[in-house]
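Novice: Basically the numbering used here = 1-based index in the sequence shown + 3. Cβ atoms here follow ideal geometry from the backbone N, Cα and C, with glycine treated the same way. Sharing a structure here in structure tokens format.
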Amino acid sequence: MTVTDQSSPQIDSHEAEVKVHLKIKRYNPEVDTRPHWQEYDIMLKPGDRVLDALHAVKWKFDGTLSFRRSCAHGVCGSDALVINGENKLACVNLIRNIGTDLTIEPIRGLPVIKDLIVDMEPFFAQYRSVLPYLIANDDPGYKERLQSQSDREKYDDTTKCILCACCTTSCPVYWANDEYVGPAAIVNAHRFIFDSRDQATTERLDILNQKSGVWRCRTSFNCTEACPRGISVTKAIEEVKRAILYDRV
Numbered sequence: 004m005t006v007t008d009q010s011s012p013q014i015d016s017h018e019a020e021v022k023v024h025l026k027i028k029r030y031n032p033e034v035d036t037r038p039h040w041q042e043y044d045i046m047l048k049p050g051d052r053v054l055d056a057l058h059a060v061k062w063k064f065d066g067t068l069s070f071r072r073s074c075a076h077g078v079c080g081s082d083a084l085v086i087n088g089e090n091k092l093a094c095v096n097l098i099r100n101i102g103t104d105l106t107i108e109p110i111r112g113l114p115v116i117k118d119l120i121v122d123m124e125p126f127f128a129q130y131r132s133v134l135p136y137l138i139a140n141d142d143p144g145y146k147e148r149l150q151s152q153s154d155r156e157k158y159d160d161t162t163k164c165i166l167c168a169c170c171t172t173s174c175p176v177y178w179a180n181d182e183y184v185g186p187a188a189i190v191n192a193h194r195f196i197f198d199s200r201d202q203a204t205t206e207r208l209d210i211l212n213q214k215s216g217v218w219r220c221r222t223s224f225n226c227t228e229a230c231p232r233g234i235s236v237t238k239a240i241e242e243v244k245r246a247i248l249y250d251r252v
């Protein structure tokens, strides 16, 4: 099915509109036995986002199209999709950078609930398994838990994670083995393993030293390339491996 829209969903600007062709993978478990593709032609401005294209389809042509989004500013991570074969956030990628031919699918490796919405619970269960919170049993008294700037820098990069699942669902090991905790869980473990204020380093390293942990990583760098926050995911995984092997934290 192809439908055409001749108006822009965005506010006026000096940019000329261009025709954007969308090919979206659709799946409604109530009526479909398998996923299928549906195509749309819409008019957008080069400065519009992929998310604007999805809004245009949903608001003008088919209100049944389902996808997630919340902040729409690259902070919540809820609109992670496979866009032209790569994991990206729909809200921060512009038409002028992505192109006018868009193929959009749900992120891979997680069960599809409907259309572009996947079940994130397996992802969050793996995230929770690495104890992603500060654990400190001593009483700091009336003082804060102080930390030097150099100690803070050890895990600064991994504090940027927004749990969008782009890294984990770009990992071929994760696609093949759902027991693997995945890059995002390791990144969030790294954030506390290397935090000098935390006292549960041993427990986290033991968790990640299991067969479902860091040793499943094959260093393909898909995760690093997919991260919309620019986190050096593969480097963080390697640092956790070295911490396990050499007790270097």
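(1) So, is Pro-175 buried or exposed, given that buried needs 16 or more other C-beta atoms within 10 angstroms?
(2) Under the DSSP definition of a beta bridge, which residues are partnered with Thr-222?
(3) Ala-93 bridges to which residues according to DSSP?
(4) Does DSSP classify Ser-10 as helix, strand or coil?
(5) So does the region 195-206 actually touch the region 128-140, counting three or more Cβ pairs closer than 8 Å?
(6) Since Pro-231 and Cys-164 should fall inside the 8 Å C-beta cutoff, what is the C-beta to C-beta distance between them, to a whole number of angstroms?
(7) If the criterion is Cβ atoms closer than 8 Å, does the pair Ser-199 and Asn-90 meet it?
(8) I need the straight-line Cα distance from His-39 to Ile-138, nearest angstrom please.
(9) Please report the straight-line C-alpha distance between Tyr-249 and Arg-99, rounded to a whole angstrom.
(10) Go ahead and pull the three-state DSSP assignment for Leu-25.
(11) For Leu-253 versus Leu-84, is the C-beta spacing smaller than 8 Å?
(12) Evaluate contact between the region 59-75 and the region 18-34, counting only Cβ atoms and requiring at least three cross-stretch pairs below 8 Å.
(13) Reducing DSSP to helix, strand and coil, say where Thr-36 ends up.
(14) Reducing DSSP to helix, strand and coil, say where Asp-44 ends up.
(15) Helix, strand or coil: how does DSSP classify Tyr-104 here?
(16) I'd like to confirm the pairing. Which residues does DSSP put opposite Ala-83 in its beta bridges?
(17) At the level of alpha carbons, what is the spacing between Lys-157 and Val-190?
(18) Quick one: residues in its chain with C-beta nearer than 7 Å to the C-beta of Thr-7, no 5 flanking neighbours on either side, listed in chain order?
(19) Name the DSSP bridge partner or partners of Ile-120?
(20) According to DSSP, simplified to helix, strand and coil, what is Arg-52?
(21) Along the chain, where does the alpha helix (DSSP H) that runs through Arg-207 open and close?
Specialist: Result, derived from the coordinates:
(1) Numbered from 1 along the sequence shown, position 172 holds the residue referred to as residue 175. Pro-175 should be labelled exposed.
(2) The residue given as residue 222 occupies position 219 in the sequence shown. Answer is none; Thr-222 lacks a bridge partner.
(3) Counting from one through the sequence shown, the residue named residue 93 turns up at place 90. Answer by DSSP bridge pairing: none, since Ala-93 is not bridged.
(4) By one-based count along the sequence shown, residue 10 stands at place 7. Its pLDDT being 41, under 50, Ser-10 is placed unreliably by the model, and the measurement read from it follows with that caveat. Looking at Ser-10 - three-state DSSP - the assignment turns out to be coil, as it is neither helix nor strand.
(5) yes
(6) Within the sequence shown, numbered from 1, the residue matching residue 231 stands at position 228. Within the sequence shown, numbered from 1, the residue matching residue 164 stands at position 161. With 8 Å as the limit, Pro-231 and Cys-164 do not qualify as a contact, their Cβ atoms being about 10 Å apart.
(7) The residue you call residue 199 lines up with position 196 of the sequence shown. The residue you call residue 90 lines up with position 87 of the sequence shown. Cβ distance not < 8 Å, so Ser-199 and Asn-90 don't count as in contact.
(8) On the sequence shown, residue 39 is found 36 positions in, with the first residue counted as 1. On the sequence shown, residue 138 is found 135 positions in, with the first residue counted as 1. Roughly 46 Å between the two C-alpha positions.
(9) To locate residue 249, count along the sequence shown from 1; it is residue 246. To locate residue 99, count along the sequence shown from 1; it is residue 96. Each residue's alpha carbon lies about 47 Å from the other.
(10) For the purposes of this step, residue 25 is taken as the residue at position 22 of the sequence shown. DSSP places Leu-25 in strand when its eight states are reduced to three.
(11) Only positions 4 to 252 of the chain appear in this structure, which leaves residue 253 out of reach.
(12) yes
(13) What you label residue 36 is simply residue 33 of the sequence shown in a count that begins at 1. Three-state DSSP puts Thr-36 in coil, outside helix and strand.
(14) Residue numbering aside, residue 44 sits at position 41 when the sequence shown is read from its first letter. If DSSP states are grouped into helix, strand and coil, Asp-44 belongs with the strands.
(15) The residue labelled residue 104 in the question sits at position 101 within the sequence shown. The residue asked about is misnamed: residue 104 is Asp in this sequence, not Tyr. Looking at Asp-104 - three-state DSSP - the assignment turns out to be strand.
(16) Against the sequence shown, residue 83 aligns to sequence position 80. According to DSSP, Ala-83 bridges with Leu-92.
(17) Locating residue 157 in the sequence shown gives position 154, counting from the first residue. Locating residue 190 in the sequence shown gives position 187, counting from the first residue. Approximately 13 Å, taken between the alpha carbons.
(18) Looking up residue 7 in the sequence shown gives position 4. Residue placement at Thr-7 is poorly supported in this model, since its pLDDT is 43, which falls under 50; the coordinates are not used for a value here.
(19) Taking the first residue of the sequence shown as 1, we reach residue 120 at position 117. Paired residues: Lys-117.
(20) The count along the sequence shown starts at 1 and reaches residue 52 at position 49. Strand, per DSSP.
(21) Taking the sequence shown and counting its residues from 1, the one referred to as residue 207 is at position 204. Start and end: 204-211.
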